[in-house]
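Residue numbers (the working numbering): 1 to 425. Idealized CB from N, CA, C, for every residue including glycine. Small disclaimer: the values here were computed from a predicted structure and weren't measured. Contents: one structure, followed by commentary.
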Ligand SMILES: [Zn+2]
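As structure tokens, this is what we get:
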């Protein structure tokens, strides 16, 4: 008998609140009727894409898997490096365990997979952030070179850098080709169109709605390719979001305050030369790091002056208990509609306007913000079609997906297997 196939499809920034609209679209509707559903999935903190996807892969909160932000703390660089490489993950992933057990793994723009030894066909999520790099070069270096080269040769004309919706069109063409030519056992797919449109146009914008329609079409194309290959009925499909988004009205730049306090020193271009206290924004929330030269009490007192935009100030111990970076000095949560940016040489506060380049909606907020949940649906062999669970957590997904393959993590996870999603449990 062959391996149980699993396709994991991540719809970035798809929330529980999108389900009603999705039901009106043909392919979502077709899949929802065949699926077991978790209506509300609680994300992780801060709810940034790389942390979320790594929590899905490991069943752990970020402080345990080590991906505590999208980017590394590199205040002196104008474009910091992202957590692009799998070696930054400090625990076993679904990819590792499936691969060790003989599963053939393909991954399309799944975060934090660069140079992974557990992925047979890997198109990584990476972009050139240094002047001497280009897209093809960084993709070849971090992914499976021959596979990436072939995808680029066949479908590269569909792509326009990391612009959407072209990137997801390119992705879908590559996925369909891979289903037909490689027939992977485990497929991980990350669609980013909706997240991009929500950031630039707002949660309920017509552009976001159009992105959900395109998502539906991509799902249709994938289902069709699977059916043509005769593998649709034997494959478990898990479709889920990583976080939702919240509309913004004001951006806050805490490093402007820290620079005024003399805690940040900059060169003539505004690049950070030295710092005693620095903010590393995660948009809806923000890490504060201190080198110990400024007392925590002084930092706390400064932050307390802004109760209109800051909802909660968590200290290090509390941040760790919430699963965030245990090395931060504080983690602060923005009030709904506020979000944090890193610059130290722009206004402290700036209003989001139709015409300016600020994000119209974003994420990074606490998982417990109202109406901020995402969802999970699973269909295929062993799945309890029609089952509806009201509430689960993102960290439950990894153990549940491995269980679907008849596998498990070698050590205990924060997440639990959602047995109710399966038949005969
Ligand atoms: Zn995301």
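- Residue pairing by DSSP places residue 377 opposite 37 and 239 in a beta bridge.
- Residues 166, 167 and 170 of the same chain have their beta carbon placed closer than 7 Å to that of residue 159, with the five preceding and five following residues left out of the count.
- For residue 214, the enclosing alpha helix (DSSP H) begins and ends at 206-228.
- Pairing residue 286 with residue 311, the inter-Cα distance amounts to about 11 Å.
- Inclusion of residue 19 and residue 39 in the CB contact set at 9 Å is warranted, their separation being smaller than that value.
- Only buried fits residue 43, as 16 or more other CB atoms lie within 10 angstroms of its CB.
- Taking a C-beta distance under 9 Å as the contact criterion, residue 176 and residue 109 do not qualify as a contact pair.
- At least one heavy atom of ligand 1 lies less than 8 Å from the C-beta of residue 243.
- Residue 329 has its Cβ no nearer than 8 Å to any heavy atom of ligand 1.
- As the crow flies, the alpha-carbon of residue 247 is around 43 Å from that of residue 101.
- Residue state for residue 291 is assigned as coil, using DSSP reduced to three classes.
- Using a cutoff of 8 Å, the CB of residue 404 does not count as near ligand 1, since none of the ligand's heavy atoms is closer than that.
- Across the set 422, 402 and 406, the C-alpha of 402 shows the shortest separation from the C-alpha of residue 56.
- Boundaries of the beta strand (DSSP E) around residue 274: 272-275.
- Counting only residues of its own chain and dropping the five nearest sequence neighbours on each side, residue 288 has a CB closer than 6 Å to the CB of 279, 329 and 330.
- Residue burial annotation: residue 70 is buried, with at least 16 other C-beta atoms found within 10 angstroms of its C-beta.
- Not one heavy atom of ligand 1 sits closer than 8 Å to the Cβ of residue 18.
- When rounded, the separation of the alpha-carbon atoms in residue 260 and residue 28 is 51 Å.
- By the CB criterion at 9 Å, residue 283 and residue 275 fall outside the cutoff.
- The continuous stretches of alpha helix (DSSP H) do not include residue 315, which lies in the beta strand (DSSP E) extending over residues 310-315.
- The residues 194, 197, 198, 201 and 202, in chain order, have a CB closer than 8 Å to that of residue 208 in the same chain once the five nearest residues on each side in sequence are set aside.
- By the neighbour-count criterion, in which a residue is buried when 16 or more other Cβ atoms sit within 10 angstroms of its Cβ, residue 376 is buried.
- For residue 261, there is no enclosing beta strand (DSSP E), as DSSP marks it with neither H nor E.
- Taking the Cα of residue 396 as reference, the smallest distance to any Cα among 253, 418, 308 and 301 is reached at 418.
- Under the DSSP assignment, residue 107 falls in the beta strand (DSSP E) whose first and last residues are 105-108.
- Comparing alpha-carbon positions, the option among 410, 413, 371 and 379 lying closest to residue 421 turns out to be 379.
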